[in-house]
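Those letters in the sequence shown? Residues 1 to 705, by UniProt numbering.
The beta carbon of each residue, even a glycine, is placed where N, CA and C say it ideally should be.
On a predicted model such as this, the values are computed, not experimentally measured, just so you know.
Reading through the structure tokens given below for one structure.
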Amino acid sequence: MPSYGLLVVFLSLLTIFPPVFAMQQYESEQVTAWQYRWGDSEFVNGEPEWIVTPELHSSDWKDIDFPCMPPDRGQYNTVWFKATLPDSDHDYLHPVLYVTSIDLMAEVYLEDKKIYQFGDLNNKQHKSFYGWPWHSIDLPDDYAGKTIYFRVFSSYRDIGLWGEVKLFEKTHLLFYLLEKAYFEVLVALFSLFVAIITLAFSMMHRGERHFLYLSLFSLTSAVMLLAENPAVQFVFNYPLVRVYLLAISYYALPVITSLLLSSWFDDWRHKWLINIAVVHLIYLISVIGLSLAGLIELAVTFPIFDAIFAITILLIIGLGISKRYSLASDQHLVMLSFTVYGIFLLLDMGIANSVLPWMHLDISVGALLFALVLMLISLRHYSHVQSALKELNEHLEVKVAERTASLHAYAEAEQERAEQLQRLNVLGARLEELNSRLQTVDNLTEARHLLIKKLPDVFMPVELSVTTSLDGVSFERQLAQVELQELDGSYNVFVYLVLNNLSSKKLIKQDNLNDFINRVKLRLGVTLSSIKLKEELHRFSFEDALTGLANRRFFDLALHRETQLANRQKNPLSLLICDIDHFKHFNDEYGHEVGDFVLKTLAQLMNEFFRETDIPCRYGGEEFVVIMPGATIDDATEKAELLRRIVADKQMVFNGKHIDSITISIGIADLTPSRSESEQLLSDADKALYIAKECGRNRVETTHP
């Protein structure tokens, strides 16, 4: 049992190291009172103008709680931060400023002197990502009270400083970082050991691939923890290489996890998990290859992967939960530990992508739990085979009992469903009978009386009444409302359905009652709309029987409506009134049959000539009117003159014989502030027509000066 001994040693280290580090007192001070400004400073003789002459630019700085992600970024990729270093009570021998991380590059100035640089801001278009190390910025002894400036460049979403910005004694910073990092290092080493143990089991049982996947998962977790551990920077200060190791191990996690879970399933979940693994493997190979080729920045691939991985974690947890009853105990432990690990990863993604506020989150806790679970699984794999079989049998018995109870409940539910369907059939027959009676009424008043009287019988045994108002009716008694669709497409409540007995509502299943209410509203709504349409058609007989144009009654209503609408919207409106010249003489010479032919011909010409928005009507006898919404007096005059010429040139042929051509006289008036009423508009158009006749006919006259 050497593995048990190693586990004891590891747990002992976890309990010994915290007191050792806790004995140290690390003097540090947080830098506060930050300000920022977007854009980049002009440089004079190699020095930023904003620093050289700060008094000229003091009003451009804005306060910010912490120097990251300032508001109103717009198109800026460069931002400046500044703060005054505190006058410390501590006597630092080697003062340093510690920054957890910077996105992406930065230059640091103390007053007008550059004291630190991360990345090449002068050649930032060539390369802008150098990794995410922590930063220790050496300060002079007289730093207190001086202003420190950060010039930060980032070409992707996040910009600024992250984590902590503190003053430290240089030696204390070393212990501070070791205190934060030792736990992750121990967990990583323990995960490596677990990877070796599980790899050994996978070699002994080559048919059981899940041990191989568990080994790979533990290995990638260890590499990921070491790659982002701050203590590693002391011995391996290659941040970009560490980011590549982090990316490869991080991007491989969902691949290995999906393959692991797919080995447990043999149904549709297996295919889903294989597809998830393929997608993540393609992403891993693509982004690493493109990044190494210099085609993309590795940094921008992390937020995209976080979004995909977050969905994958939820899918994997959901698939695991959906199969939880058939998982073995070891698989339950793995699934539980992965769920906890997944929660830590989701929180870490939220912090990294600014969805959650920054905090120190130790994801090694989740990795440790997963490694411990793997260790326990490996150690008890052989000793618990019989116990697992027994638990499986008990589990099957429970499943059989649950299935039996489920079948019994299903039978009862089916019986109740049959009774509900029979009741709904009765209600449907009553509804169709009432709807048939409703179709025979002539107006909506009769329809409302019929519904008030007969609709409650349709819903029995649900006790309700039909009313036209909800005055005095409590909310819980309001069941539904039947609506009537108006001709303009809007809906108005026709009647309300009100419960008389609240308990009677329970006699019909709620879903069935809701479905039937929707059916009632649909069927009765269509019938009521038909009644409404018949009423409207009966009330408005607006077509002229001879010409097919709208008649005088329609014209009167339309002119009033269009006049009001044009006045409200301040749109132009013109009115044409035209008369067939010497029509009485034409009628007397050729007869009324030819006269009717002439009227119909002119009506056809007007229908073809005017716009769809124009409204030509027969005003009476040989007079016609045209309402032209949106047309100015000049537009209407041009249109009228063209119509006059077309009519004059029209060859009139009746029953194969040519007859005399006709001419028309047209008067035009338009809507003006002094002529804003429909009656006045019609009167002025008629006066213009009179002038046209007096001036020789076959002409167009307007009221325009």
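Simplified DSSP state of residue i, which is helix, strand or coil
| i | result |
| --- | --- |
| asparagine 237 | coil |
| aspartate 103 | strand |
| isoleucine 363 | coil |
| methionine 349 | helix |
| alanine 293 | coil |
| alanine 33 | coil |
| tryptophan 38 | strand |
| tyrosine 325 | helix |
| proline 254 | helix |
| serine 28 | strand |
| leucine 97 | strand |
| tyrosine 92 | coil |
| glutamate 228 | coil |
| leucine 110 | strand |
8 angstroms Cβ cutoff met for residue i and residue j
| i | j | result |
| --- | --- | --- |
| leucine 455 | alanine 480 | no |
| isoleucine 664 | phenylalanine 586 | no |
| alanine 252 | threonine 220 | yes |
| aspartate 471 | isoleucine 577 | no |
| tyrosine 130 | proline 239 | yes |
| residue 706 | threonine 100 | Residue 706 lies beyond the stretch modelled for the chain, which goes from 1 to 705, so this question has no answer here. |
| alanine 195 | serine 218 | yes |
| isoleucine 633 | isoleucine 668 | yes |
| glycine 630 | proline 572 | yes |
| leucine 513 | glutamate 476 | no |
| leucine 110 | tyrosine 143 | yes |
| histidine 94 | lysine 170 | yes |
| valine 473 | isoleucine 452 | no |
| phenylalanine 597 | phenylalanine 654 | yes |
| residue 707 | leucine 192 | Since the first and last residues shown for the chain are 1 and 705, residue 707 lies out of range. |
| tryptophan 38 | proline 70 | yes |
Backbone CA spacing between residue i and residue j [nearest angstrom]
| i | j | result |
| --- | --- | --- |
| leucine 216 | lysine 323 | 23 angstroms |
| leucine 407 | leucine 396 | 16 angstroms |
| alanine 429 | serine 530 | 21 angstroms |
| threonine 198 | leucine 368 | 15 angstroms |
| alanine 22 | alanine 227 | At alanine 22, the pLDDT of 46 sits below 50, so the modelled position is not reliable; the number obtained from the coordinates is stated separately. If I take the Cα positions, the gap works out to 25 angstroms. |
| phenylalanine 555 | serine 678 | 11 angstroms |
| leucine 284 | glutamate 184 | 24 angstroms |
| lysine 62 | tyrosine 36 | 5 angstroms |
| aspartate 649 | leucine 605 | 12 angstroms |
| glutamate 608 | leucine 602 | 10 angstroms |
| proline 48 | lysine 127 | 22 angstroms |
| threonine 312 | glutamate 483 | 46 angstroms |
| asparagine 443 | lysine 534 | 8 angstroms |
| glutamine 415 | alanine 409 | 10 angstroms |
| glycine 160 | tryptophan 272 | 39 angstroms |
| glutamate 297 | leucine 121 | 16 angstroms |
| phenylalanine 344 | serine 337 | 11 angstroms |
| glycine 119 | glycine 163 | 19 angstroms |
| glutamate 402 | leucine 225 | 44 angstroms |
| leucine 427 | glutamine 569 | 50 angstroms |
| arginine 549 | alanine 566 | In the sequence as presented, arginine is not what sits at residue 549; that position holds leucine. Each residue's alpha carbon lies about 23 angstroms from the other. |
| glycine 591 | threonine 703 | 35 angstroms |
| glutamate 589 | aspartate 544 | 25 angstroms |
| tyrosine 76 | histidine 172 | 37 angstroms |
| alanine 418 | glutamine 510 | 15 angstroms |
| valine 96 | lysine 82 | 17 angstroms |
| arginine 561 | phenylalanine 542 | 15 angstroms |
| glutamate 641 | glutamate 593 | 28 angstroms |
| leucine 507 | valine 400 | 34 angstroms |
Span of the beta strand (DSSP E) around residue i
| i | result |
| --- | --- |
| aspartate 579 | 573 to 580 |
| valine 355 | Valine 355 -> no beta strand (DSSP E), and no H or E assigned at all. |
| phenylalanine 81 | 78 to 84 |
| residue 709 | Within the shown structure, residues of the chain are numbered from 1 to 705, placing residue 709 beyond reach of any answer. |
| phenylalanine 118 | 113 to 118 |
Residue i, enclosing alpha helix (DSSP H) - first and last residue
| i | result |
| --- | --- |
| glutamine 564 | 552 to 569 |
- prompt: Which ranges does the beta strand (DSSP E) cover as unbroken runs of at least 3 residues, wholly within the segment 453 to 513, from first to last along the chain?
  reply: 464 to 467, 478 to 485 and 491 to 499
message: As an exercise, report each continuous beta strand (DSSP E) stretch of at least 3 residues that is fully enclosed by the segment 42 to 76, in chain order.
response: 62 to 64
message: Suppose only complete runs of 3+ residues qualify. What are the beta strand (DSSP E) ranges in the UniProt domain "GGDEF" (571 to 705), listed by chain order?
response: 573 to 580, 615 to 620, 623 to 629, 652 to 654, 657 to 659, 664 to 670 and 700 to 702
query: Where in the segment 124 to 155 do unbroken runs of the alpha helix (DSSP H), each at least 4 residues long, occur, reported from the N-terminal end onward?
result: none
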